[in-house]
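Okay, structure first, notes after.
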Amino acid sequence: MGMFKGRTGGLWLLAAALPVAGATGAAMLAWQFQIESIPLKDPIPPAPPDVMVIEGTIQKRSTLVETLVDSDLPSTLANQLAELVRPVFDLRKIRSGNSFKLERELDGALRTFEYRIDDERVLRIEKQAERYEAKVETLEFETQEAVVTAEITTSLFEALGDYPKGEFLALDLDQIFASDIDFNSDIQKGDQVRLVVTQQYHDGAFVKYGKILAAQLVNAGKTYRAFLFRDAYYDENGNATKRAFLKSPLEFTRISSRFTYRRMHPILGSARPHLAVDYAAPTGTPVRAVANGTVTFAGWSGGYGRLVQIRHASGLATGYAHLSSIAPGIRPGRAIKQGDRIGAVGATGLATGPHLHFMMTRGGKPINPLSIKSEPAPPIDVKLKPEFLSQIAARRDQLAGGVQFASGPLAGTAR
Numbered sequence: 008m009g010m011f012k013g014r015t016g017g018l019w020l021l022a023a024a025l026p027v028a029g030a031t032g033a034a035m036l037a038w039q040f041q042i043e044s045i046p047l048k049d050p051i052p053p054a055p056p057d058v059m060v061i062e063g064t065i066q067k068r069s070t071l072v073e074t075l076v077d078s079d080l081p082s083t084l085a086n087q088l089a090e091l092v093r094p095v096f097d098l099r100k101i102r103s104g105n106s107f108k109l110e111r112e113l114d115g116a117l118r119t120f121e122y123r124i125d126d127e128r129v130l131r132i133e134k135q136a137e138r139y140e141a142k143v144e145t146l147e148f149e150t151q152e153a154v155v156t157a158e159i160t161t162s163l164f165e166a167l168g169d170y171p172k173g174e175f176l177a178l179d180l181d182q183i184f185a186s187d188i189d190f191n192s193d194i195q196k197g198d199q200v201r202l203v204v205t206q207q208y209h210d211g212a213f214v215k216y217g218k219i220l221a222a223q224l225v226n227a228g229k230t231y232r233a234f235l236f237r238d239a240y241y242d243e244n245g246n247a248t249k250r251a252f253l254k255s256p257l258e259f260t261r262i263s264s265r266f267t268y269r270r271m272h273p274i275l276g277s278a279r280p281h282l283a284v285d286y287a288a289p290t291g292t293p294v295r296a297v298a299n300g301t302v303t304f305a306g307w308s309g310g311y312g313r314l315v316q317i318r319h320a321s322g323l324a325t326g327y328a329h330l331s332s333i334a335p336g337i338r339p340g341r342a343i344k345q346g347d348r349i350g351a352v353g354a355t356g357l358a359t360g361p362h363l364h365f366m367m368t369r370g371g372k373p374i375n376p377l378s379i380k381s382e383p384a385p386p387i388d389v390k391l392k393p394e395f396l397s398q399i400a401a402r403r404d405q406l407a408g409g410v411q412f413a414s415g416p417l418a419g420t421a422r
């Protein structure tokens, strides 16, 4: 039996037996393989990185120039880059706490700098040949759908607080059901929330929520549902969830004093009618108009402090007192839309602490704002009803818990 032995690249090779073409009888050519490893004397070190990456957040009261200098860029270059940025971005809008990422070459030269303006935009400075370019870029997002559920124990904010940026879901939910639910006074422990939402990701990281596609709120045993259709929300029968009046002029506060004809005034010390509803809230909390209308008064009014009054349809009028400030442009004759900001909570006039004193009249006579019944907006056009019902079919199953979309990591239950 023949044998061949050879050495190649530090390995000894011997081959296994193979038949020889045309051989007679049992004639065979035998090969055998054997591998013998020979260790290297020294391992090859990995190639050094060609850039140095610095990531951080803008410090309090810091500027772009200071941030670049703190990242070891020469002050001359930092000032030149700031001048380069001015035509594309207002440097006064650099915000502390926002993130940045800087890449420097090994010789110290800047390769790129990125500053995250907000959830959707980034300021980018990049070296191009022998010069730098600055531009504001809009981020591209990957969109996923998810089901979010929560049980309320104290407030809607608390219930959704386990989700990243859950406060934005709470604000959106308030807008959807604002005509049916006063989230300051109607919410009870044990109420349930279930949402079908879009989540937006950039480079695999969650950035923000998109639209709420469907929402369900079980409040005191009663179920409210809303479905997004052509940029508006409707219940299962195609009735608009939006009504002529919101149930509250504030978002997520607490009622400190209700409408009554006899209440001990905290400053004057005598029993007087309290023909309004007081909402306790921090100074500066936005105050919104509860319905479309026209401003009839905006200014100082004795014990009411800063006051805004609005005339609405059907002889109704509302008043918003003790404001710390009145929103720019709010003046008599100004047309107002439901939800417009008209001022901010304060403690002006005869007030013991920051709160909104909210009044409502019909034909000049005080009425309880919490008891107002308002007409809904027009329902879905009959011609669009089949399209609407077809579109919400899967959403209804999701709200009932029967269908789960493949969703991102935020889907789940908060308690």
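Taking our numbering, the leading residue of the sequence shown gets 8, the next gets one more, and so forth. Just so you know, even glycine gets a beta-carbon here, dropped at the ideal spot from N, CA and C.
query, result
"Beta-carbon spacing of residue 190, residue 283 below 8 angstroms", "no"
"Meets three-Cβ-pair contact criterion under 8 angstroms: the stretch 77-88 and the stretch 121-131", "no"
"Rounded separation between residue 401 and residue 220 - CA only", "11 angstroms"
"Beta strand (DSSP E) segment containing residue 226, residue limits", "212-226"
"Where residue 423 falls: helix, strand or coil (DSSP)", "Because the chain is modelled from 8 through 422, residue 423 falls outside the range shown and cannot be assessed."
"6 angstroms CB neighbourhood of residue 408 in its chain, flanking five on each side removed", "none"
"Candidates 110, 114, 127, of which the one nearest residue 120 by Cα", "110"
"Bridge partners - residue 343, DSSP secondary structure assignment", "300"
"Three-way DSSP call (helix, strand, coil) for residue 189 in this model", "coil"
"Coil, strand or helix - residue 382 by DSSP", "coil"
"Residues near residue 122 in its chain [Cβ-Cβ closer than 6 angstroms; skip 5 each side]", "107, 130"
"Best match in 202, 112, 304 for proximity to residue 217 [C-alpha to C-alpha]", "202"
"Residue range of the unbroken alpha helix (DSSP H) whose run includes residue 392", "392-406"
"The stretch 221-241 in contact with the stretch 283-292 per 3-pair CB rule at 8 angstroms", "no"
"Under the three-state DSSP convention, the category residue 285 falls into", "strand"
"Where residue 226 falls, given that 16 or more other Cβ within 10 Å makes a residue buried", "buried"
"Cβ-Cβ distance between residue 208 and residue 214 below 8 angstroms", "yes"
"8 angstroms CB neighbourhood of residue 57 in its chain, flanking five on each side removed", "112, 113"
"At least 3 beta-carbon pairs within less than 8 angstroms: the stretch 354-374 vs the stretch 322-340", "yes"
"contact_flag[the stretch 346-363, the stretch 290-297] where n(CB pairs < 8 angstroms) is 3 or more", "yes"
"CB of residue 253 within 8 angstroms of CB of residue 297, strictly", "yes"
"Assumed close pair residue 187, residue 248 - CB separation to whole angstroms, cut-off 8 angstroms", "7 angstroms"
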